[in-house]
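A short write-up of the structure that comes next.
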Amino acid sequence: MAFPERFSNLPDYAFPRLRKLLDAHPPGGDPIAMTIGEPRHPKPAFVGPVLAAHLDGFGVYPPNDGTPELLTAISGWLQRRYGVAMPEDHIMALNGTREGLFNAAVALCPETKAGARPVVLMPNPFYQVYAVAALAVAADPVYVPAIAATRHLPDFAALPAEVLDRTALCYICSPANPQGAVASTEYWADLLALAEKHDFRILADECYAEVYRDTAPPGILEVATRIGADPDRVLSFHSLSKRSNLPGLRSGFVAGGPQVMARLRQLRAFAGAPLPLPLQKVAEAAWQDEAHVTASRAMYGEKFALADRIFGGMQGYQAPEGGFFLWLPVADGEAAALRLWQETGVRVLPGAYLSRDVQGENPGKGYIRVALVAPIEETQRGLERLCDCLFGQGR
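Just so we're aligned: the sequence shown equals residues 11 to 405 in the numbering used here.
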């Protein structure tokens, strides 16, 4: 069976590309992986006991949208974190937010918009599922540069009116992966106004919202509530992978207005993969507890301070506001990643693998992404090797 033509120009996923680049070469030192954003901080202490107490739940089918207890826990967290009173039927548990980010396009993207193929906007660079979702619904993905000149957030308002009028959906990540930029209250308000003017919906990927340096990032739901925006313009996605160091739990949620949530729930009833009941119980406990989140954030704070000390004097270095990646400027990301692996054993991701070429330009080409997820001693070794190898100033 032929692969659908609309996927024919889709490049390999970032990590297979990285293996092709590096694995034919031996490492130049004991390997240190700083590529994938897989948190390695201690998991919350309650995970094992809660799981063990609910093992019988593996013997029944779980509810598609989440247990009432889990939805109540999420609703309570949204109230505490953002001051938003979100009804529980406006929330749906997800088997990892990637599922929700993809299925939102399937559920919400129309076949046409303004008499033409719909457009799906996204930052460039970006989380790759955004592009695959757009292609899956036969929409035109439009990659909007998120570069230093725009504070590493996309300037959607600068797009031509004819593109905005065809826009059905807009993906945006804050704190941004990979740059760590945070959408301000003003940025969210301007984007909501743009969505209202051109009649599109915003899919806000806020999975890194609890990993930040100084000030908690504002969320789209709180801004939408404050300015009285149409609630059906917005979907917000959150995850326990980053917040609670539980990437293997595959647990997140989506929240939004009643109409968009009804459409997502309808799709989930036919094509969803609900989270097993014991895992929902763990997720319920995680959303109710803040102590483990605070402790994890303090560990990231130590790594941010370490990165500032090592790279602070480097031209072009910009400390991230949130998330747990460094977005380091280099002459060429692929060449830098290969050299770093061959000379030191440190493994990083070329920025071009997270971006698309647009009119011959790839905004990630001159960067590498470095994940700060390992214990601090390993992180320090990796960063010092990296700095000494690529910038000649390891400390």
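Using N, Cα and C, we set each Cβ at its ideal position, and we do this for glycine too.
So, at 6 angstroms on beta carbons, what are the nonlocal neighbours of Gly76 in its own chain, with the 5 sequence-adjacent residues on each side left out?
Here Gly76 has Ala103 as same chain residues with Cβ atoms under 6 angstroms from its own Cβ, once five neighbours each way along the sequence are excluded.
May I have the straight-line CA-CA distance separating Pro97 from Ala149, to the nearest angstrom?
31 angstroms
Run through DSSP, which three-state label would Tyr222 get?
strand
Could you tell me whether the Cβ of Pro284 comes closer than 9 angstroms to any Cβ of chain D?
In the structure shown, chain D does not exist; there is a single protein chain.
Excluding the five sequence neighbours on either side, which residues of its own chain have a C-beta within less than 7 angstroms of the C-beta of Phe334, listed in chain order?
If we look at Phe334 and ignore the five residues flanking it on each side, its Cβ neighbours are Gly47, Val221, Tyr310, Ala381, Leu382 and Val383.
For Leu201 versus Phe247, is the C-beta spacing smaller than 9 angstroms?
Not in contact: Leu201 and Phe247 (Cβ atoms no closer than 9 angstroms).
Cα separation between Thr45 and Ala124?
41 angstroms
CB-CB under 6 angstroms to Phe321, same chain, minus the five flanking residues each way: which ones, in chain order?
Tyr327
Going straight from the alpha carbon of Arg50 to that of Pro385, what length do you get?
7 angstroms
Using beta-carbon positions only, say whether Pro151 and Met132 come within less than 9 angstroms of one another.
yes
Alpha carbon of Asp240 to alpha carbon of Gly332, nearest angstrom:
28 angstroms
Same chain, Cβ closer than 8 angstroms to Pro257, five either side skipped, listed in chain order:
Glu48, Pro49 and Ser251
Just verifying my parser: in three-state terms, what is the DSSP assignment at Ser249?
strand
Return the chain-ordered list of same chain residues with a C-beta closer than 6 angstroms to the C-beta of Glu312, the five sequence neighbours on each side being excluded.
Ile386
Cβ contact check for the stretch 361-370 and the stretch 334-348: 3 or more pairs under 8 angstroms
yes
Tell me the residue span of the alpha helix (DSSP H) that contains Phe280.
Pro268 to Ala281
Can the beta-carbon of Gly190 be found closer than 9 angstroms to that of Pro330?
yes
Which residue's Cα is closest to the Cα of Ala295: Asp22, Ile42 and Gly86?
Of the candidates Asp22, Ile42 and Gly86, the one whose C-alpha sits nearest the C-alpha of Ala295 is Gly86.
Tell me, which residues are paired with Met132 by DSSP?
Met132 is bridged by DSSP to Tyr153.
Who are Ile237's beta bridge partners in DSSP?
Per the DSSP secondary-structure output, Ile237 pairs with nothing in a beta bridge.
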